[in-house]
Amino acid sequence: MSPKKAILKELRAAGPESYTLPSRIPGFADHASRYREAVNELLKERLISGSKDADGNLVVAINGARSKDVDRALRPLPVWVLAGLVLVVGATVAVTFLT
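Residue numbering for the sequence shown follows my numbering, beginning at 8 and increasing consecutively.
Shown next as structure tokens:
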């Protein structure tokens, strides 16, 4: 799972008003730079909102106003997209063997 999806999934599970330290998200410790970059991108896209805690650390939560966009970002690929990919790969293989 990509860092963006992992962050969104974890924050959605915590609830829309539950601010969480990004470092507490599973996977952050192993790939901190990738997760920091993903947090910054999600903040720019306004899918998450950021604030400061009592110690001055960044905490993030799902942006309640963009919950439909968050759901769309977490939605798996539609079945028709997967079927289209299978058709394209099948056609490519068929052309390769017939020529």
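Quick reminder that beta carbons are idealized off the backbone N, C-alpha and C, glycines included.
Does the Cβ of residue i have 16 or more other Cβ atoms within 10 Å, making it buried, or fewer, making it exposed?
i    : result
L54  : buried
L15  : buried
K75  : exposed
V100 : exposed
V77  : buried
L94  : exposed
F104 : exposed
So what does DSSP say about residue i, is it helix, strand or coil?
i    : result
S25  : coil
I55  : strand
G91  : helix
P10  : helix
F104 : helix
A3   : Outside the shown range of the chain (8 to 106) lies residue 3, about which nothing can therefore be said.
Please determine, among the options, the residue with the shortest C-alpha to C-alpha distance to residue i.
i   : options                : result
A61 : P83, A13, V100 and T27 : T27
K51 : W87, V93 and I69       : I69
G57 : S9, R79, S25 and M8    : S25
V66 : G34, R43, Y42 and P29  : P29
H38 : E17, P23, R19 and P10  : P10
G71 : V102, R19 and P83      : R19
F35 : R79, P23 and A13       : A13
Under DSSP, the beta strand (DSSP E) around residue i begins and ends at which residues?
i   : result
L65 : L65 to I69
How far does the alpha helix (DSSP H) with residue i in it extend, from its first residue to its last?
i   : result
D78 : S74 to L81
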